[in-house]
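What follows is a set of notes on a single structure, which appears directly below.
2 protein chains.
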Amino acid sequence: MKNTLITILSFVPIIATAQTKNPEKLVQYVKPIIGTQRMGHTFPGATVPFGMVQLSPETDTVGYELNGKYNPDVYKYCAGYQYDDKTIVGFSHTHFSGTGHSDLGDFLVMPTVGELKLNPGTADKPGSGYRSAFSHQNEVSEANYYKVKLDESNITAELTTSARVGFHQYTFPKSDQAHIVLDLMSGIYNYPDKNVWTYLRVVNDSLIIGYRQTNGWARTRTLYFAMAFSKPFKQFGYRNYSKREVYGGFWGQFNRTKNFPEIAGRQLRTYFDFNTAEGEKIKIKMAISPVSMEGALNNMQVEIPAWDFDKVKTDGQQLWEKELHKIVIDGSKDDKEDFYTSMYHAMINPTIYMDADGQYKGLDQNIHKADGFTNYTTFSLWDTHRALHPLFNIIEPTRNADMIKSMLAHFDQSAEHMLPVWSNSANENWCMSGYHSVSLIADAIVKGNAPFDANKALDATITTANHRDYAGIGYYIDMGYIPDEKNGNSVSSTLEYAYDDWCIAQAAKKLNRMDVYDTFFKRSQNYKNVYDPASGFMHPKLVDGTFRKAFDPFTTINQGFIEGNAWNYTLYVPHDPAGLIKLMGGNKRFVTYIDSLFSYDLPDKYFAETEDITKDGIIGNYVHGNEPSHQVAYLYDWTDKPWKTQDKIRMILKKMYKNTPDGLGGNDDTGQMSAWYIFSALGFYPVAPGSDQYAIGSPAVYHAVLNLENGKTFTINTKNQSDKNVYVQKILLNGKVLNSYFISHTDIMSGGEITFVMGAKHI
Amino acid sequence: MKNTLITILSFVPIIATAQTKNPEKLVQYVKPIIGTQRMGHTFPGATVPFGMVQLSPETDTVGYELNGKYNPDVYKYCAGYQYDDKTIVGFSHTHFSGTGHSDLGDFLVMPTVGELKLNPGTADKPGSGYRSAFSHQNEVSEANYYKVKLDESNITAELTTSARVGFHQYTFPKSDQAHIVLDLMSGIYNYPDKNVWTYLRVVNDSLIIGYRQTNGWARTRTLYFAMAFSKPFKQFGYRNYSKREVYGGFWGQFNRTKNFPEIAGRQLRTYFDFNTAEGEKIKIKMAISPVSMEGALNNMQVEIPAWDFDKVKTDGQQLWEKELHKIVIDGSKDDKEDFYTSMYHAMINPTIYMDADGQYKGLDQNIHKADGFTNYTTFSLWDTHRALHPLFNIIEPTRNADMIKSMLAHFDQSAEHMLPVWSNSANENWCMSGYHSVSLIADAIVKGNAPFDANKALDATITTANHRDYAGIGYYIDMGYIPDEKNGNSVSSTLEYAYDDWCIAQAAKKLNRMDVYDTFFKRSQNYKNVYDPASGFMHPKLVDGTFRKAFDPFTTINQGFIEGNAWNYTLYVPHDPAGLIKLMGGNKRFVTYIDSLFSYDLPDKYFAETEDITKDGIIGNYVHGNEPSHQVAYLYDWTDKPWKTQDKIRMILKKMYKNTPDGLGGNDDTGQMSAWYIFSALGFYPVAPGSDQYAIGSPAVYHAVLNLENGKTFTINTKNQSDKNVYVQKILLNGKVLNSYFISHTDIMSGGEITFVMGAKHI
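Quick mapping for you: the protein sequence lines, in order, are chains A and B. Per our numbering, residue -19 is the first one in the first sequence, and the count goes up by one each step. Per our numbering, residue -19 is the first one in the second sequence, and the count goes up by one each step.
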């Protein structure tokens, strides 16, 4: 029980630090609807910070068609919800936030009245199935609360959550044909055979338990559930849409389609029937578990023992208040909505992946007990190592350390003996390039936030970095670069490995393991091997050591890069901007190069190839909607034109983030885009996680207080701040003039204040 | 660890009781090959008593075709092996023994040399796949040992087991292309979509772990494994025969078809490659678990930590010696082979279904820990309640009590709140009629072998018997019979319920719950409601209380009976032969009726309908190969012609049981046919389990000693015994003349001796 208690306590809201007396409610500024239109891929539903349950409406759940047929809508519906849609299919319990690949969407629940329809029907004919039309006028989307009126049935649906339990409240009209449909076929990335198996057991007239096993993006994933109804159902049944299974015995013994308490199969939809009075509320608690049905039941009992919807909503919103108050800013309402929605989106992933009793399913498919940490999953590390985890090292150091402990457990359980690349529900998705786990580990070690066996963690980074069979690492080790013939991302991977190796070197230095430092610092210089002075770009290099002749620096297709073209990726040497500048011909050429990136008018034909973003996600040829350029605007700090950083940052903040459904220019990428916003709005950014250094930009806030876990505060003041006064005239750190454009992690964590004196002209 | 130790200790062989000094090795008389030809459905492979692993060759693994297409071969291959076949596909780890329905066949292993073939190929072209020709000359089949030479590869395969681990020993020729194929697609009852999911993880170069989940006869079943090789494999790989699944990420990162350590999918075959010297032995330990991969690994470590094949074989054979010595008989070699092979077949099922640490998967699909008992599955209760469990109450009382504890756990975990009908690997197969669990429970309570909460067990029998929705019970309760219109087995189910209800009454009486006794004794008389004095048979009765006009007492089709015609089933009132005799018109008519059953020459057209048996399983119209008539020959004991019982029993023993591959006239039915043999050969039979009474037949043995768990012995002596002297002239029980044709359970369990004086003429 000890672990259970710890887990409960960790969710007790602790609000109001010494620095925020009578604090303003910040949750009012969270607009989950931001990013739900076009390619933001966020969801409008309810969740607590880092919740295992993320309960949200699906407006469609299209499938990826197998046999080579790609359905582009599978991308559109990564989060299950598109703002422009007119119908809601139902409410499911798990969602990715802001990803460019999809999965999840488990346990879709939909209330209906009238004739029972077990098929969702189509968007153009919502009455043809259980799907319902809705309008945004009748929709409320807050942190941990979602409400919508379903036009077909006149049912009002309300959703809230605890960490592991989704709480539904449906207000029905009078009906003797009220139904709750539980669609166990529905899912996101729902190709026809995604469902491997489902099982459901009716324990009594108001409690069912079960599980669903899927072969989705997570190859082999099982999610268990326990679902309690506030009112007993009068009858229940199911339909099996798969003809590919058997159930032995004599069917005459039982009627197994109605009120038969064990339901199993590949493709099942189930229903539960009620009589309802006008305005009667039927509530549902849906607890999930990665471990077992018993685990789900225990999660329900521990987290939501009663039926008080408002209390669950309020408790969850208080958890958000606690998180949001870690950074208290002054600014306009619009600014606050952008900022706190960014804070909200930054704290949705990674997600808790552990029962209330500490048990979780490991990558090895065995059940483990987390020993002294909370286990997390949903690590989109290619994205989030850049700014999200550095942000956590400031405002969520305990959680960030737990995330790293989760990654080290993953390593211990890995058949390949590798740290996670893209960890998803006890699976490795092997998505995107690099071994950026090492960045998180190095950043934590270097910044002194490593309450784990740091030497063992360093060993894991080394083992991962030396996995010769993985994505060209063998060539990289032997030749200093990945030959173009051997790997489709030869250049970007070489660059990313070089940065990752530098991270390993930094951690090794901190741990005084200088042999490791020497080896990996040397490897970190490999970025120089793919720079072609002739083209002036990072450039695909052949096995024979020559650079490839056919080359187009604007396209992302077949040029040796991923999610970025040569023009952008050439600037990807976050760990050695000074070396890069030298390599590229010195300060002046370098400044011109970045300038041209922002000013170049990329022809439409190139835009069409750029993944995961809308055209709004691009400024010139600078692609903010994808991550490889996230440090680019800060690189001017290493030149004689740091004011250009200030100028660009304020422009990007304005152009790329708006407090509207279409306010995100590309996928939020499980919080990385939001973390970029938070850092940049505060005035600094971690260009090279793994160092303790932040590069100064131009703050967009008027004032901000960082309430740190160590009890200290770090205050950001501005003078003469305005939309036009984007240029930093002077910086005072704790009252002393700062003579560089860099501050350190220690500067922040020691507490104190920084004051930016702003002006309309650069100095 | 306490449970682990208890489990280990329970397998330490304890041989040689006081009564059997320098005992003859009885295991020599076990011929597992008996019954492998035609419809016996036994298997020739290796197992310890009641082993969870039953490791045996498959000669074919045909599928049941879906969409209404029944493949008759699915019945033929219930045990995976048919003696007349010329090829072996491989060796799998789980088998039913003697069933009429099929499932299992998990984890097929096959060694090959030369070109890698992952497809089994066809029986007519064994070289076309990994399948091999073999001959019975090169085959050895003993208790817990099987050996065969595979003609294709010249590999000698040897198999032995512990309770939870299969141990393979393959002697290879010299080869640089030696393979071990692990076919995770293969299975018995292998319809195309039986495989739901498989997972495999290569831990290191000589250990793999994984699981397979199936939708077979057991609807939703997962079996985990751990497989260790005595020699590291040089490489490994797999092929996925399903095109219906996805695996995310970039395939370029790894070559995932060769040496990639995580394999998952629906239809997988895997291989492991070796170089072998001439005569080199590669050994494999395959441990299974119903709980987890870790459970399988632990089972291996606990049961077979080393690589000593001969020791494992010997240990297992000593376990058999211990069991076989519970009844030591004198007789011819043929008689001993029949008898001890019957003992062997009687002790294969039910099977242990629990890890060495006491954990098992329950019917509710949750993991449980068996508290103070060994958990069993594979309960074919419609068959085995008749004689197998009564036999266990004599020679295996502790096991029988554990089996009942397993059934009570099943009840506690049952969504339907019912005792098991046909329990299979944490599933209820709902196969055959009645609720015969209550017979086992009553028999144990009445015979004083109930080391469990007997009142709680009685409550479970009552709850089960009152499940109105199940197979006509509601009608039976309300109307005293099941109307023909409502259920296809209306008459046989009415009869079976009546017997079962009498069992409940007997248990209630023993527990002094006379209200229950009264209710259920009254119900037990319901058999009278389906007897039609006009036809002289138990007869389908309509809702309106009249007997159905269309009626054929010889056919089993659509007459209200299952696996028996009216002529046989009319005699199925095991609990009240006296009442039945009266009902049927008295002693003389009754004797004539049974006589005619044996003498009637059943036309072929009726034989063709008789399920699960060969024509040898029928004597006249008496169907020994199916169970409903098993008590019939003993019913003369209730008439003035008990000598006719003696005559018939000796005839049936001779006709129905032979020590040859085709020696069984029908399915062994998980030991029920063998238990009938054992009782009858000893000279008595439990006509009505639930009473403490045994009816006397005619012993076939010359002498027998029952070595009881309580330390006592019960000795069976004969005088003037011979094949011709089948008639009992006099019976002495502990030296006193027995003046009836019945003895009691107490007579046996108190120890002592019974002497049968035999003669060629009846008295």
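By construction, the Cβ of each residue, glycine as well, lies at the ideal position given by its N, Cα and C atoms.
Counting only residues of its own chain and dropping the five nearest sequence neighbours on each side, Gly109 (chain B) has a CB closer than 6 Å to the CB of Lys97, Asn99, Pro100 and Gly101. Among the residues facing chain A, Glu274 (chain B) is included, as its CB has a counterpart in that chain under 7 Å away. Taking a beta-carbon distance threshold of 7 Å, Ala208 (chain A) does not count as an interface residue toward chain B. At a cut-off of 4 residues, the continuous stretches assigned as alpha helix (DSSP H) that sit fully inside the region 28 to 115 of chain A are 53 to 56. For Arg630 (chain A), the secondary structure class from DSSP, reduced to helix, strand or coil, is helix.
Under a criterion of Cβ atoms nearer than 7 Å, the residues of chain A adjacent to Asp449 (chain B) are, in order, Phe234.
The three-state secondary structure of Arg503 (chain A), taken from DSSP, is helix.
When DSSP states are grouped into helix, strand and coil, Tyr602 (chain A) belongs to the strand group.
Distance between Lys261 (chain B) and Phe152 (chain B), taken at the CA atoms: about 6 Å.
Against Ala244 (chain A), the close residues of chain B are Arg199 and Thr200, in the order they occur along the chain (beta-carbon pairs closer than 7 Å). Non-local C-beta neighbours of Ala424 (chain A) in its own chain, meaning closer than 6 Å and more than five positions away in sequence, comprise Ile384 and Ala430, ordered along the chain. Excluding five sequence positions before and after Asp363 (chain A), the CB atoms of its chain that fall closer than 7 Å to its own CB belong to Glu607, Asp649, Thr650 and Gln652, given in chain order. For Val42 (chain B), no Cβ of chain A is located within less than 7 Å of the residue's own Cβ. Rounded to whole angstroms, the separation of the alpha carbons of Leu371 (chain A) and Leu304 (chain A) is 13 Å. When secondary structure is reduced to three states using DSSP, Gln247 (chain B) falls in the coil class, being assigned neither helix nor strand. Put simply, the backbone Cα of Val612 (chain A) is about 8 Å away from that of Ile574 (chain A). Within the region 163 to 186 of chain B, the residues whose Cβ lies closer than 9 Å to some Cβ of chain A are Tyr169, Tyr171, Pro172, Asp173, Lys174, Val176, Trp177, Tyr179, Arg181, Val182 and Val183, listed in chain order.
Each of B:Gln193, B:His325, B:Thr178 and B:Thr92 was checked against the Cα of Gln157 (chain B), and the nearest Cα belongs to B:Thr92.
Listed along the chain, the chain B residues whose CB falls inside 7 Å of the CB of Asp253 (chain A) amount to none; the nearest CB is some 18 Å away. Within chain A, not a single residue places a beta-carbon under 7 Å from that of Ala103 (chain B); the smallest gap is close to 25 Å. The beta carbon of Lys238 (chain B) lies closer than 6 Å to those of Gly217 in the same chain, with the five residues before and after it left out. Met165 (chain A) has no beta-bridge partner at all, per DSSP. Against chain A, a Cβ distance below 9 Å from Asn195 (chain B) picks out Trp177, Arg224, Glu225, Val226, Tyr227, Ala244, Gly245 and Arg246.
When 7 Å is used as the limit between beta carbons, Asp344 (chain B) is near these residues of chain A: Arg181, in chain order. Apart from sequence neighbours up to five positions away, the residues of its chain that approach Glu138 (chain A) with a beta-carbon distance below 6 Å are Lys127 and Gln149, ordered along the chain.
Between Gly600 (chain A) and Phe578 (chain A), the C-beta gap is smaller than 7 Å, which places the two residues in contact. Counting only Cβ-Cβ distances below 7 Å, Pro241 (chain B) has contacts in chain A at Ala395 and Glu396, in chain order. Chain A places a beta carbon closer than 7 Å to that of Trp410 (chain B), counting this residue as a contact. Ile188 (chain A) and Arg181 (chain A) have their C-alpha atoms some 6 Å from each other. Listed as beta-bridge partners of Lys129 (chain A) by DSSP are A:Thr136.
Boundaries of the beta strand (DSSP E) around Leu180 (chain B): Asn175 to Asn184. Closest in alpha carbon position to Asn380 (chain B), among B:Tyr415, B:Thr331 and B:Asp351, is B:Thr331. Residue environment analysis places Arg111 (chain B) among the buried positions, since at least 16 neighbouring C-beta atoms fall within 10 angstroms of its C-beta. Of all C-beta pairs linking the region 635 to 649 of chain B to the region 316 to 330 of chain B, three or more are shorter than 8 Å, placing the two stretches in contact.
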